[in-house]
Each structure stands twice: as structure tokens, then as C-alpha cells.
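**Q** Please find one structure pasted underneath; my questions will follow.
Protein chains: 2
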Amino acid sequence: MHHPPESVDPVRLGAYFALIEVTSLLRHAIEQQLREAADLSFVQFQILARLDLHSPTGSHRMTDLADAIVHSRSGLTYQAGLLEKAGLVTRTPTPDDERGTTVTITDAGRALLAEIMPGHTEVVSRLLFEPLSHTDAETLAALLAPVRDHMRSTPPRSAAPRRRRGARPSR
Amino acid sequence: MHHPPESVDPVRLGAYFALIEVTSLLRHAIEQQLREAADLSFVQFQILARLDLHSPTGSHRMTDLADAIVHSRSGLTYQAGLLEKAGLVTRTPTPDDERGTTVTITDAGRALLAEIMPGHTEVVSRLLFEPLSHTDAETLAALLAPVRDHMRSTPPRSAAPRRRRGARPSR
DNA sequence: TCTCCTTGCTTCGACTTCGAAGCACTTCTG
DNA sequence: CAGAAGTGCTTCGAAGTCGAAGCAAGGAGA
Numbered sequence: 001m002h003h004p005p006e007s008v009d010p011v012r013l014g015a016y017f018a019l020i021e022v023t024s025l026l027r028h029a030i031e032q033q034l035r036e037a038a039d040l041s042f043v044q045f046q047i048l049a050r051l052d053l054h055s056p057t058g059s060h061r062m063t064d065l066a067d068a069i070v071h072s073r074s075g076l077t078y079q080a081g082l083l084e085k086a087g088l089v090t091r092t093p094t095p096d097d098e099r100g101t102t103v104t105i106t107d108a109g110r111a112l113l114a115e116i117m118p119g120h121t122e123v124v125s126r127l128l129f130e131p132l133s134h135t136d137a138e139t140l141a142a143l144l145a146p147v148r149d150h151m152r153s154t155p156p157r158s159a160a161p162r163r164r165r166g167a168r169p170s171r
Numbered sequence: 001m002h003h004p005p006e007s008v009d010p011v012r013l014g015a016y017f018a019l020i021e022v023t024s025l026l027r028h029a030i031e032q033q034l035r036e037a038a039d040l041s042f043v044q045f046q047i048l049a050r051l052d053l054h055s056p057t058g059s060h061r062m063t064d065l066a067d068a069i070v071h072s073r074s075g076l077t078y079q080a081g082l083l084e085k086a087g088l089v090t091r092t093p094t095p096d097d098e099r100g101t102t103v104t105i106t107d108a109g110r111a112l113l114a115e116i117m118p119g120h121t122e123v124v125s126r127l128l129f130e131p132l133s134h135t136d137a138e139t140l141a142a143l144l145a146p147v148r149d150h151m152r153s154t155p156p157r158s159a160a161p162r163r164r165r166g167a168r169p170s171r
């Protein structure tokens, strides 16, 4: 009999389905909470959180940010524009590269984030972690970390019309 | 440093971030693959897959389907319309409830799905499971299953039955 | 220096998404 | 058997999303 690739394995298939389902439900709940609490979308929240974490400057280049939150560049441009309009971030040309735009979180942005975080973590705790022990959480993190690294390091498989980062990272 | 509720726990926070990140990357890759292979969106794929799995009839009611794939009803209406136009599903009134619409996958739909699956599982295997042993996959599935059940059983927090002008559920 | 190619970001247009409102049918209640 | 309340789906309008194309700046090679 054929024994095609590993993926037909029902265990893996189940893990995959559960992963998608859990994350969909979680995102949905988070989105509602953010919307009620501060009228922010999940993408906007991710932008602010990423900037805030990336202290001390709280800045990022557009492309890096888009890559970090897994969002299209054009989509990020749009959202960054909204956040700027709301006074939560600023956009300034990058000093050493006149093409680049640096996004920086403002004090108002940090304040809003601080105000939101409790409710946010509450939702995540209640939905995601309630059925998991601390050890379970550790296990989950330990399982996902290598996957994340693997995905980040794996090239996009199909060379883009506009080539992505060259054959190798020369940085 | 304060030590507010449980959720600030860095381990859980890390697991949460990794979960979001991994799933975002995975969905992104899957979406590209589906687009190239059959010009289907992930939502459309989920619809077809869900219908196909739900044998033998391969049918579902709109609401159940929307709930299963975690998508808005209106969004499902839109996508089901596209799939119907493409001949991959049919929509018929539900026999015993004249309000309902039953969606059924067609032979063409099943054929397309069968054609796509190998490439799909290939992507999932390569991205998600390559860094995981079989045991890891089992562990992951075992961790996520209870979370999924918990999320599914937890009421949406504000379970308002379609409020109509401040009316209260008098039941 | 002058090209030519690459890269960073934005603009543009087409499509998708969602919630609210609306319509039609069902069920509950008296 | 009404009338009221509930449910299933679609329509509608506003907004967000993406990829492709466009613009401007950096960089390598002649």
C-alpha cells in the first residue's frame, strides 16, 4: 500500500486541525475584546505590542514590522497610517536610509497598550490557558518554538518575481 | 515589578506568541499554495474540506458550517455563493426547515479537493511537522484538544441573543 | 560618474470581511 | 389560532486586505 508522506498520519492531521481551530477561535475572541476595549483591530494591537516590546526606542522599520506580524506591506502602510492619525505612533524617515520609514510608538500608544493589556491577557488566560497546567504551557512553548524558527528560516519556496532576500543573508 | 494575574507568566506569554506566530506563518504559506494550485482561498478550502469530511451526504447547514470554520455568516454566504458559481457546491433549502439552506459538495468539489490535498499536506508537513517527531505531534494534539473543547463550550462572554431595543431575555 | 538593478514604502484597484439590518419562516404562549 | 419572540440566511455599506505597479533612494559595476 502506499504510505505517502508523513502528513496523512491521522495524529498529525488532528494536531493541524486543532491548531487552526484553536487559533481561529482565540483570534476571534481577542478581536472582540480589543474592539470593545479600545476599538483596535488585532493587527493594530500587534503593531503596538511589537513596538512596545522592542524597547528602548520603541521603533521599527516598516518592512521589519510587516514581517514580524506576518502582514502585507501595503496592509501595514494602511494600518500604520490609522495609528498615526490616532496619535499612537509616529512615522519618520529612517536616518541612514532615506527610503526607509521608521515607526515609533508614542507615549499615548504605550499608555493605551498598558490600559488594554489586562483585559487582553484575561481573555487569553481564560480561553487558552485555563485547561492547561503550567507544565502544559511549557511543553506547548517548547514544541512551537522550533516550529516557528523553522518556518522563519525556510525560504518561501517559490522565488518571487521580485526576488526576496538574495540567495543568502549577507548581513 | 508587579506580578499581576497569572497571564503575565512569561512562559504562557511565550506560548501564546508562538502560537499566533506559527499559525500566521502557516496560514500564509497555505494560502499561497492553495491560490497557486486551485485559486482557492483558505476559507473556501475549509468549506470544501469540512463538507467532504462530513460524509456521507457531504452536506451542512449554513450556520453550522460558519460555526465550524469560525467565519461570519455573511462571509460564508458570500463564499458559498462563489463556490456554487464555480460548481463546487450546491445550495438547496433544508427539507424540514424552510428557512435553512443546506450546502452540499458536488463531485467536482470532491474531485478538486482530492487533486489539491497532496500539495496541501505537503506544505503542512514541511512547515509544521518537519521539526516535530511523531511523539511531539501527539503531544501537541493532546494539548490542543482540551483547549479546543474548552473554547467551544465557553459561551462568548456576552451571550446576548440578538438584542432588540434593550429587550432582555425573559425566558 | 553614469547606468542598471535592487530595495523600501506607498498607491491603486479588486476583492473579501464583518456587523447591522432586513426578510421569511418557526416556535412559543396564551 | 393569533401575536410575539426567536432563528436562519441574505443584503448592504463600511472598512480592511492583498498583490501589482509605481516612485524614489541606495548600491554595484563599467
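Each protein sequence line maps, in turn, to chains C and P. Once you know that position 19 of the first sequence is 19 in the UniProt record's numbering, the rest is easy, because the numbers rise by one and skip nothing. Once you know that position 11 of the second sequence is 11 in the UniProt record's numbering, the rest is easy, because the numbers rise by one and skip nothing. Cβ atoms here follow ideal geometry from the backbone N, Cα and C, with glycine treated the same way. Fair warning: this is a prediction, and the values are worked out from it, not measured in the lab.
1. State buried or exposed for residue 162 of chain P, treating a residue as buried only when at least 16 other CB atoms are found within 10 Å of its CB.
2. Establish whether the CB of residue 116 of chain P and some CB of chain C are separated by less than 8 Å.
3. Are there any heavy atoms of the ligand PLP lying less than 7 Å away from the beta-carbon of residue 70 of chain P, as far as the coordinates show?
4. Please list, in chain order, the chain C residues whose beta carbon lies closer than 7 Å to that of residue 137 of chain P.
5. Between the C-alpha atoms of residue 80 of chain C and residue 11 of chain C, what's the straight-line distance to the nearest angstrom?
6. When the distance is taken between beta carbons, is residue 120 of chain C closer than 8 Å to residue 33 of chain C?
7. Going by C-alpha distance, which of P/16, P/125, P/149 is nearest residue 16 of chain C?
8. Starting from residue 103 of chain C, follow the alpha helix (DSSP H) in both directions and report where the run begins and ends.
9. Using the C-alpha atoms, what's the distance from residue 23 of chain C back to residue 132 of chain P?
10. What are the complete beta strand (DSSP E) segments, minimum 3 residues, inside the UniProt domain "HTH marR-type" (12-149) of chain P?
11. Rounded to the nearest angstrom, what separates residue 112 of chain P and residue 72 of chain C at their Cα positions?
12. Whether or not the region 36-56 of chain P and the region 140-148 of chain P are in contact is what I'm after, with contact meaning three or more pairs of Cβ atoms, one per stretch, closer than 8 Å; do they touch?
13. Rank C/98, C/29, C/40, C/102 by C-alpha distance to the C-alpha of residue 77 of chain C and give the top, closest one.
14. How big is the Cα-Cα spacing for residue 51 of chain C and residue 97 of chain P?
15. Check the C-beta distance from residue 20 of chain P over to residue 123 of chain P and give it rounded, since I have them as a contact under 8 Å.
16. Classify residue 152 of chain P: buried if its beta carbon has 16 or more other beta carbons within 10 angstroms, exposed otherwise.
17. Step through the CB atoms of chain C and report whether any lies within less than 8 Å of the CB of residue 62 of chain P.
18. Of all Cβ atoms in chain P, is any one closer than 8 Å to the Cβ of residue 20 of chain C?
19. Please classify residue 39 of chain C as buried or exposed, where buried requires at least 16 neighbouring CB atoms within 10 angstroms.
20. Considering Cα atoms alone, identify which of P/26, P/106, P/59, P/67 is closest to residue 85 of chain P.
21. Going by alpha carbons, who is nearest to residue 36 of chain P out of P/116, P/62, P/47?
22. When you compare the CB positions of residue 137 of chain P and residue 148 of chain C, do they come within less than 8 Å of one another, or not?
23. Taking C-beta to C-beta, are residue 258 of chain C and residue 27 of chain C nearer than 8 Å?
24. Using a Cβ-Cβ cutoff of 7 Å, what residues of the region 40-56 of chain P are near chain C? List them in chain order.
25. For a contact meaning CB atoms closer than 7 Å, what does residue 141 of chain C contact in chain P?
26. Determine, using beta carbons only, whether residue 94 of chain P and residue 104 of chain P come nearer to each other than 8 Å.
**A** Concretely, from the data shown:
1. Unreliable positioning characterises residue 162 of chain P in this predicted model, as indicated by a pLDDT of 45, which lies under 50. The coordinate reading is nonetheless provided below. So residue 162 of chain P ends up on the exposed side.
2. no
3. Here there are no bound small molecules, and the ligand PLP is not part of this structure.
4. 11, 12, 15
5. 41 Å
6. yes
7. P/125
8. Not the alpha helix (DSSP H): residue 103 of chain C falls in the beta strand (DSSP E), residues 101-105.
9. 19 Å
10. 59-61, 89-93, 101-105
11. 28 Å
12. no
13. C/102
14. 51 Å
15. Actually they are not in contact, since the Cβ atoms of residue 20 of chain P and residue 123 of chain P sit about 19 Å apart, beyond 8 Å.
16. exposed
17. no
18. yes
19. exposed
20. P/106
21. P/116
22. no
23. For chain C, the structure presents residues 1 to 171; residue 258 of chain C sits outside this window and is missing.
24. none
25. 11, 14, 15, 18
26. no
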